[in-house]
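Protein chains in written order, with my numbering: chain R, 250 to 719; chain L, 978 to 1205. Shown next, in structure tokens, is the structure this report addresses.
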């Protein structure tokens, strides 16, 4: 059930070009069913190290080079995906690294490697062939040395030395529950190969990489997108849906840089009376759901059995029965004390305000505001009213000369009842209200009486079956 | 919905997270725009990749091939003015209107719903044991004046909020309904007068329920839909 794509690393929307005119890629093959078919063609060929897959024409182009080859460059492409053989691009080794085809060319002791084609200063028995991969002076393991890839050195007194390339398992350790694990282990703890996240066979699943961009569901590497205890993957064994991966924990003795940055990030993100984003950093003591149902203690398994045992989620602060978000849900939540209701959100906890302290005030709707505040309430810089980028403005100094549209100052050219605003320099935010508040001595106008005539068009109509039946 | 009954609300949409689970409601105000609550959306700026709006079904867990079900990805979120608790979601493509999917009318700017107006809420949220939430439920609510509401809430109700009468028997919105509509029948049309926001307790007997008053923010809604 393993896919031939399992041997490849995917770069979405990328093209790999060789800048040498003499280097020619393979011809486009347009008769392929899918990227798996391309992988099946490229896989066994010794001179195929990567391939392009054209998403619209469903064609593939085999390439004899990778991004680590000389004179190559990656480009953004709207048409192509780039697949490169893992053995050529992975910076760590699997098992003892016999299949390693990377470009490390220095030993663990810092000595430059001798080219395999040379017999000087250290003579040896190996002859480079496409099959044994003894290329340039790159570290290789042609004899299956248990210490991994090695090379003859350019130092006459040190004949050969290990290159000290770490196994993928050792290369990256797991912090907390490994939600941030971005290592390249692709087998489970029982040795089963992982299923690629972008495939739905042999197991169909909801974790499509394009939906979970922040989870880096790359190739078939172990990840933890759902707040599990440890990184895991779906397996290529049709009888075993998913399994944990055996990865080393970073443990309590973290390197100072990692330790510092993580704890700093945690302290900065701690929220006690409100929550930010999805509330993964919420550390307050609210202990009822928004429906008013008391929460079940995290260390209890009744009335609901669950996997979020506090000891297994040390970084999540699963104290008492406080609302928390240990699994990346939409908001802090808890198991409830009601047997009929397993879990519920604590949506009554307010969101922390992301707004700046107002830098000035306005009267009425702020149409007469002529101050120089030029930031939105979220701190985004305003776009100049006379500029056309990143947004093409509807109101300009020419079209609304009375509105005082100077520089990038907050103004209210359309009499917006919610105050002065501006177009923003963020391409994703067209306009927003400014870091201003209504002046203290200014009473907002009260809501008006309903208008006499209201006419609606093409809305608010429904077929009421129940009425008809009655 | 606590104390409701299965019903029909073709403008009520279900917000789905990246695993396809329902987590909030919303109202279809234009073919490509859904109004929901700020509490439902984790970011005003970051792309909501993988989130979808489901329409055209009364089932919370519709079958994959269910007729009339429309699933449309969310393209972007635009957060409302301060104090509004509103978010407009722009959909990747316009939905198709039919008997199962319809637009709800927006009220005139600053429109005040007369006390005593009969309105209804709709959603797939928690019913606290009053029924099951596998199909859309609706419940009727009577609007009360802010003045009356303020006698119970000691002056905390703002003009940008609208209240409905608290009944002896618990009836009201609950977890999973947030972002959905308080729709009132006016001039032969259903009009979105309120937006369901979290209250301290769901359907607290004798306590009025509080909603965001949509008419106060209609100018913002129209401006966003026009400019974006």
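Beta carbons are placed, not taken as given, at the ideal position from N, Cα and C, and that holds for glycine. Here the structure is a predicted model, which means the values were calculated and not measured.
query: DSSP state of residue 1053(L), grouped into three classes?; result: strand
query: Output yes if chain L places a C-beta closer than 8 Å to the C-beta of residue 622(R); else output no.; result: no
query: Tell me which same chain residues have a C-beta within less than 7 Å of the C-beta of residue 279(R), skipping the five on either side of it?; result: 306, 308
query: With H, G and I counted as helix, E and B as strand and the rest as coil, what does DSSP make of residue 419(R)?; result: helix
query: For residue 444(R), which of 621(R), 341(R), 256(R) has the nearest alpha-carbon?; result: 256(R)
query: What separation, rounded to the nearest whole angstrom, lies between the Cα atoms of residue 604(R) and residue 283(R)?; result: 48 Å
query: Buried or exposed: residue 369(R), going by 16 or more other Cβ atoms within 10 Å of its Cβ?; result: exposed
query: What are the uninterrupted segments assigned as alpha helix (DSSP H) that are 4 or more residues long and contained completely in the region 591-622 of chain R, given in chain order?; result: none
query: Quick one: what's got a C-beta closer than 8 Å to residue 422(R)'s C-beta in the same chain, skipping five residues either side?; result: 496, 497, 498, 499, 500
query: Do you know offhand how far residue 505(R)'s Cα is from residue 425(R)'s?; result: Any reading at residue 505(R) must be qualified, since the residue scores a pLDDT of 41, below 50, and its modelled position is unreliable; no value is offered.
query: So the alpha helix (DSSP H) residue 1204(L) belongs to, where does it begin and stop?; result: 1195-1204
query: Taking beta-carbon pairs under 7 Å, can you tell me which members of the region 1172-1189 of chain L lie near chain R?; result: 1175, 1177, 1178, 1179
query: What are the boundary residues of the alpha helix (DSSP H) that includes residue 396(R)?; result: Taken as a continuous stretch (DSSP letters only), residue 396(R) belongs to no alpha helix (DSSP H), as it is neither H nor E.
query: Compile a chain-ordered list of the residues in the region 633-653 of chain R whose CB is closer than 8 Å to at least one CB of chain L.; result: 643
query: Taking the straight line between their C-alpha atoms, what separation do you get for residue 1071(L) and residue 281(R)?; result: 34 Å
query: For residue 623(R), which of 433(R), 571(R), 475(R), 607(R) has the nearest alpha-carbon?; result: 607(R)
query: Along the region 1099-1115 of chain L, where does the CB come closer than 7 Å to a CB of chain R? Name the residues.; result: 1103, 1105, 1106
query: Nearest-angstrom Cα distance between residue 1125(L) and residue 616(R)?; result: 34 Å
query: In angstroms, rounded to a whole number, what distance separates the CA positions of residue 416(R) and residue 354(R)?; result: 17 Å
query: On the DSSP bridge assignment, give the partners of residue 332(R) in chain order.; result: 259(R), 300(R)
query: Closer than 8 Å is the cut-off here; do at least three beta carbon pairs connect the region 985-993 of chain L with the region 1074-1083 of chain L?; result: yes
query: Listing by chain order, which chain L residues have their CB less than 7 Å from the CB of residue 626(R)?; result: 1059
query: Near residue 561(R), which residues of its chain fall below 7 Å by C-beta distance, leaving aside the five closest residues on each side in sequence?; result: 478
query: Who are the Cβ neighbours of residue 288(R) in its own chain at under 8 Å, not counting the five residues just before and after it?; result: 252, 253, 254, 256, 257, 300, 332
query: Please tell me whether residue 449(R) has its Cβ less than 8 Å away from any Cβ of chain L.; result: no
query: Check whether the Cβ atoms of residue 1173(L) and residue 1157(L) lie closer than 8 Å to each other.; result: yes
query: Determine the chain R residues that contact residue 1020(L) at a beta-carbon separation under 7 Å, and present them in chain order.; result: 526
query: Please identify the residue among 1006(L), 1129(L), 1179(L), 1164(L) whose C-alpha is closest to the C-alpha of residue 1066(L).; result: 1006(L)
query: Helix, strand or coil for residue 1130(L) per DSSP?; result: helix
query: Closest to residue 686(R) by CA distance: which of 611(R), 663(R), 671(R) is it?; result: 611(R)
query: Of the residues 667(R), 269(R), 480(R), 684(R), which one's Cα is nearest the Cα of residue 318(R)?; result: 269(R)
query: Rank 692(R), 691(R), 667(R) by C-alpha distance to the C-alpha of residue 680(R) and give the top, closest one.; result: 667(R)
query: Under the assumption that residue 1142(L) contacts residue 1127(L) (Cβ atoms under 8 Å), give the Cβ distance between them as a whole number of angstroms.; result: Between residue 1127(L) and residue 1142(L) the Cβ distance is about 14 Å, and since that is not below 8 Å, they are no contact.
query: Spatial neighbours of residue 1069(L) within its chain, please: CB distance less than 8 Å, with the 5 preceding and 5 following residues excluded, ordered by chain position.; result: 1049, 1050, 1051, 1052
query: Give, in chain order, every unbroken run of the beta strand (DSSP E) that is at least 3 residues long and sits entirely within the region 1137-1176 of chain L.; result: 1138-1141, 1158-1163, 1166-1173
query: Mind pulling the beta strand (DSSP E) runs of 3 or more residues that sit fully within the region 980-1048 of chain L?; result: 989-993, 999-1007, 1010-1014, 1029-1032
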